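By our numbering, the letter at position 10 of the sequence shown is numbered 21, and the numbering carries on one by one without gaps. We put the beta carbon where it would ideally sit given N, CA and C, even for glycine. This structure is a prediction, so every number in the text was calculated from the model and none was measured. Take a look at the structure below.
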Amino acid sequence: MSNEVRGREQFQKFKPIINILVNFCSVLPEKTRMWLFQHFRMTTGKKGLVIRYVLLKTLAKSCGDNVSIHPSVFLFKLNNLSIGNNVSIHPMCYIDATGEIEIRDDVSIAHGVTILSTTHTFSETLVPIKNQKTQIKKTTIQSNVWIGAKVTILYGNRIGEGSIIGANSVVTKNIESNTICAGIPAKVIKKR
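Structure below.
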């Protein structure tokens, strides 16, 4: 049996200190906290994880315990982002919560994942697509989900509890609970 201490045990050990840092940071102006969050985006090691967590706790719509935001993660519209407990978001992820994103408990998001809550409309042929309206819709990732490397989750979709999304998949519709899905577009491979 390994003597290595898991992240959640380390978090619980230092939670009182982390709470003090969160309270201290919460009095800073929001623009300052956002600037700090972006400034420390690439900071590695435990120092970077703690700084990003403390700032995220004060900026997100909600943020649970033991949330690991690894270096080089791009998070947008944090005031529309809800994250549960024991969530890890690995490097090179892009999460845009303009239309609201909810990530529940015990979710592991591998590197290079994109999660969207907006899309462009394109029905008016006389207007350039980039100048057309955008649509927003909440995207939800329920508890106990593993999202593989380089997955893209398009706006308005729900990933059911206990599901696994295979690497390089594109989620274009809701995923049922306790399923393993993969492909472009993502399809059910089997039930768990």
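Where TYR105 is concerned, the enclosing beta strand (DSSP E) starts and stops at 105–107. Taking 8 Å as the upper bound for CB-CB distance, SER174 and ASN185 are not in contact here, some 10 Å apart. Non-local beta-carbon contacts of ILE62 in its own chain, meaning distances under 7 Å to residues more than five positions away in sequence, involve PHE51 and THR54 in chain order. 8 Å or more divides the Cβ of ILE140 from the Cβ of ILE126.
Taking C-beta separations shorter than 6 Å and ignoring five residues to either side along the sequence, the partners of TYR105 in its chain run PHE85 and THR125, following chain order.
Boundaries of the alpha helix (DSSP H) harbouring HIS50: 41–50, taken from the DSSP string. Taking the CA atoms as reference points, ASP117 sits about 31 Å from PRO40. With fewer than 16 other CB atoms across the displayed protein chains lying within 10 angstroms of its CB, PHE35 is exposed. Residue environment: LYS68 is assigned as buried (16 or more neighbouring CB atoms within 10 Å of its CB, all protein chains considered). Residues of the same chain with a CB within less than 6 Å of the CB of PHE48, apart from the 5 flanking positions on each side, are LEU66 in chain order. For THR190, the enclosing beta strand (DSSP E) begins and ends at 190–193. Excluding sequence positions up to five before and after SER154, its CB lies within less than 6 Å of the CB of ARG115, ASP116, ASP117 and GLU172, all in the same chain and listed in chain order. Per DSSP, the continuous alpha helix (DSSP H) segment holding THR69 begins and ends at 56–70.
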